[in-house]
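> Got a structure for you, questions after.
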Amino acid sequence: MNLSKSLILSICLTAIVFIHSAAWAFNSSSFNGTADFYAGAAPPPGLHLIDYNVFMDIKKIENKGQGLVDGKGTLTAIAFRPIYVSEKGLFGGNFLMHSIIPLLTLEADVKANTPGGQITVQGHDGGLGDVYFGVGMAWHTPVWHWLTVLDVITPTGSFDPNKPCNAGNNAFIIEPVVAVTGMFQNGMEVNAKFMYSYHTKNSDYVEAGTGIKGYQTGQAFHMDYNVNYAVTKDLKLGVTGWLWQGLENDRIGGQKRADTKDFEFSMGPAARYQNGKFAVIGKYVLPVAAENRIEANQLWIDLVYSF
200 MNLSKSLILS ICLTAIVFIH SAAWAFNSSS FNGTADFYAG AAPPPGLHLI
250 DYNVFMDIKK IENKGQGLVD GKGTLTAIAF RPIYVSEKGL FGGNFLMHSI
300 IPLLTLEADV KANTPGGQIT VQGHDGGLGD VYFGVGMAWH TPVWHWLTVL
350 DVITPTGSFD PNKPCNAGNN AFIIEPVVAV TGMFQNGMEV NAKFMYSYHT
400 KNSDYVEAGT GIKGYQTGQA FHMDYNVNYA VTKDLKLGVT GWLWQGLEND
450 RIGGQKRADT KDFEFSMGPA ARYQNGKFAV IGKYVLPVAA ENRIEANQLW
500 IDLVYSF
């Protein structure tokens with residue numbers, strides 16, 4: 200889900216009357232982690248399915264502009280990603296379309312500074328998250344492979360401003376994507392997926408204490424990366440991770456809120472094993488640096504099948 204501010208969800212922890220700023224620990228349904236091996240190399244024409252299985256052990260939650268200073272929790276998610284690739288497309292490429300359908304459960308305890316002192320807010324939620332829909336084109340050469348996609352993340356997850364937790368953000372996200380993969384004869388492979396996220400406003404949001412309405416997460420640039428080596432024709436080992444860089448502060452009631460711009464860099468080991476039409480990917484990604492984000496150890500087990 201990055202899933203940090205990046206996994207498919209938002210944990211919206213609005214504390215009781217003492218909190219004068221809404222406590223959105225995760226305020227974007229755009230998430231990192233879905234791209235690693237073959238990030239820019241679209242699969243062959245036909246139908247494919249990826250099953251992402253994610254467990255996050257949240258060590259810290261921070262959003263200084265919202266008064267969040269610490270926290271912990273867990274998030275478990277399963278997300279299904281059907282992908283269709285056509286035989287032909289424009290300019291010698293292949294047309295593709297995909298969707299990501301996340302189901303999640305989460306629990307969090309967040310420490311927040313309030314006028315009456317520091318308090319701990321507890322919450323839990325689960326269900327359908329915000330669903331991705333995307334269309335694009337893919338191209339291939341003997342060494343370099345790349346694709347461009349326009350993703351739209353839709354507010355399908357539930358959102359109730361009176362609940363301590365929500366699985367959805369109640370906002371659309373427009374996200375252009377460019378991904379590239381280089382596969383070399385010596386067995387090395389390099390991958391990068393670049394994303395730009397534009398968030399629309401959640402008009403149903405109400406800030407506790409002030410009654411200010413409307414929340415719009417700031418625009419962000421983020422990327423997944425992976426470098427790996429083919430140990431055998433079926434087994435690849437490498438390093439993977441992601442970078443998230445917020446480009447502006449979030450807006451509450453139409454006004455930018457200081458100290459809400461965020462940053463994260465994560466890294467960890469990854470492996471992929473291929474057996475015919477089936478593949479399994481495992482990775483364990485740790486936070487290296489983060490600001491106004493969550494810091495979580497993330498275990499991913501992805502199952503890939505080509506029909």
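Here the sequence shown is numbered in the numbering used here, starting from 200 and rising by one per residue. No residue lacks a Cβ here, since even glycine has one placed at the ideal position from N, Cα and C.
Closest by CA to Met387, which one among Gln415, Asn361, Lys435 and Trp443?
Lys435
> Could you tell me the alpha carbon to alpha carbon distance between Ser402 and Trp338, rounded to whole angstroms?
Their Cα atoms are separated by approximately 39 Å.
> Between Arg280 and Leu246, how many whole angstroms is the CB-CB distance? I'm expecting something under 8 Å.
At roughly 12 Å, the Cβ-Cβ gap does not stay under 8 Å, so Arg280 and Leu246 are not in contact.
> Are the beta-carbon atoms of Gly440 and Gly467 separated by less than 8 Å?
yes
> Which runs of the beta strand (DSSP E) at least 3 residues long sit entirely within the region 466-492? Give them in chain order.
Along the length of the region 466-492, whole beta strand (DSSP E) runs at least 3 residues long occupy 477-490, reported in chain order.
> Would you say the region 379-395 touches the region 419-430, given that touching needs at least three Cβ pairs under 8 Å?
yes
> Kindly give me the distance between the Cβ atoms of Ser229 and Glu374, rounded to whole angstroms, as I take these residues to be in contact under 8 Å.
6 Å
> Go through the region 278-305 residue by residue and report every complete run of the beta strand (DSSP E) that reaches 3 residues or more, in order.
none
> Can you tell me whether Gln418 is helix, strand or coil according to DSSP?
Gln418: coil per DSSP, three-state reduction.
> Compare the beta carbon distance of Ile257 and Ile500 with 8 Å and say whether it is the shorter of the two.
no
> Return the chain-ordered list of same chain residues with a C-beta closer than 6 Å to the C-beta of Gln473, the five sequence neighbours on each side being excluded.
Asp433
> Whose CA, out of Met336, Gln415 and Phe371, lies closest to the CA of Gly291?
When only C-alpha atoms are compared, the closest one is Met336.
> Got a sec, what are the start and stop residues for the beta strand (DSSP E) Phe509 sits in?
What the structure shows of the chain is the stretch from 200 to 506, and residue 509 is not part of that stretch, so it cannot be assessed.
> By alpha-carbon positions, which one of Asn231, Gln454, Pro243 and Asp235 ends up nearest to Ala470?
Asp235
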